[in-house]
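The sequence shown: position 24 = 23 (numbering that gives the first Met the number 0), numbered continuously.
Every residue gets a Cβ at the ideal spot worked out from N, C-alpha and C, and that includes glycine.
This report refers to the structure that appears directly beneath it.
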Amino acid sequence: MIVIDARGWEPPRPFEAVMEALCRLPPGERVRLILEREPFPLYRVLEHNGYAYYATACDDGRYEIDICEREGPAAE
0 MIVIDARGWE PPRPFEAVME ALCRLPPGER VRLILEREPF PLYRVLEHNG YAYYATACDD
60 GRYEIDICER EGPAAE
């Protein structure tokens with residue numbers, strides 16, 4: 000797993016870091032993005048490019064977003 004702790008980063012740096020990590024992500028692995036806010040614009044880009052994501056709102060105010068390649072017929 001590639002972990003990107005982007006708390007405190009200004010846009011577009013978190014987006015760029017995620018896209019770079021996804022380019023070098025080995026098959027079957029995932030990226031975890033940690034932010035102080037939910038990255039709604041990123042979700043659209045991920046879906047458009049064949050990635051799945053699962054977002055968790057944590058009690059301390061951070062968001063953890065796990066990103067991986069979408070599997071199955073929906074990925075085609």
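Beta-ladder partner(s) of residue i, from DSSP
| i | result |
| --- | --- |
| Arg31 | Val2, Asp65 |
| Tyr42 | For Tyr42, which the question treats as bridged, DSSP gives no partner whatsoever. |
| Ala97 | The displayed coordinates of the chain run from 0 to 75. Any statement about residue 97 would go beyond what the structure contains. |
| Ala51 | Cys67 |
Selection from the options that minimises the alpha carbon distance to residue i
| i | options | result |
| --- | --- | --- |
| Leu24 | Glu37, Ile1, Ala5, Glu15 | Ile1 |
| Arg31 | Pro11, Gly7, Ala56, Val17 | Val17 |
| Tyr52 | Glu19, Pro10, Glu37 | Glu37 |
| Ile66 | Asp59, Pro10, Pro26 | Pro26 |
| Tyr62 | Arg43, His47, Phe39 | Phe39 |
| Glu70 | Arg29, Pro13, Ile64 | Arg29 |
Inter-residue CB distance, residue i and residue j (contact presumed, cutoff 8 Å)
| i | j | result |
| --- | --- | --- |
| Ala5 | Leu34 | 5 Å |
| Tyr50 | Leu21 | 7 Å |
DSSP-derived helix/strand/coil call for residue i
| i | result |
| --- | --- |
| Glu9 | coil |
| Glu19 | helix |
is_contact[residue i, chain D] using C-beta, thresh 9 Å
| i | result |
| --- | --- |
| Leu45 | Note that chain D does not occur in the displayed structure, where there is just one protein chain. |
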